[in-house]
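To start, the structure under review is shown below, and the notes come after it.
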Amino acid sequence: MKKFVLLAHGAIEQSPEFKEAHMKWWNGIQDHVVDSGNPLFNGRTVSKDGTVTEIGPDVSPALGYSIVQAESIDDAVELLADSPMDMWVYEAMPM
0 MKKFVLLAHG AIEQSPEFKE AHMKWWNGIQ DHVVDSGNPL FNGRTVSKDG
50 TVTEIGPDVS PALGYSIVQA ESIDDAVELL ADSPMDMWVY EAMPM
């Protein structure tokens with residue numbers, strides 16, 4: 000099994016419908032979860048020259064992460080079929 004990082008981004012609703020859809024989706028992928036992750040906030044961009052800037056609302060910042068296991072990136076993407084959030088998926092390459 001490979002590991003994949005799921006990064007939530009964009010707007011997240013706080014409605015009861017969103018929360019219900021999120022819990023239904025989250026409970027449905029529990030067999031694949033390696034690390035449930037955490038919400039992300041207060042981000043900074045650090046360039047290679049050392050310049051530090053705040054990640055502002057004009058960028059679609061990452062809002063939270065989780066790590067899951069799947070056979071392939073296509074399988075990881077399938078885990079997001081019922082997700083009520085916009086997600087980025089990255090394969091975590093072993094080192």
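Take the sequence shown: its position 51, counting from 1, is numbered 50 in numbering that gives the first Met the number 0, and each next residue is one higher. For each residue, glycine too, the CB sits at the ideal point set by N, CA and C. Remember, predicted model here, so these are calculated numbers, not experimental data.
Residue i vs residue j beta-carbon contact at 9 Å
{"i": "Ser65", "j": "Leu5", "result": "yes"}
{"i": "Gly9", "j": "Met94", "result": "no"}
{"i": "Ile28", "j": "Val76", "result": "no"}
Simplified DSSP state of residue i, which is helix, strand or coil
{"i": "Asn37", "result": "strand"}
{"i": "Glu90", "result": "strand"}
{"i": "Gly63", "result": "strand"}
{"i": "Ala20", "result": "helix"}
{"i": "Glu12", "result": "coil"}
{"i": "Ala7", "result": "strand"}
Nearest-angstrom beta carbon gap, residue j and residue i [assumed within contact, 8 Å]
{"i": "His31", "j": "Leu78", "result": "6 Å"}
{"i": "Met0", "j": "Glu70", "result": "6 Å"}
DSSP beta-bridge partners of residue i
{"i": "Ala69", "result": "Lys1"}
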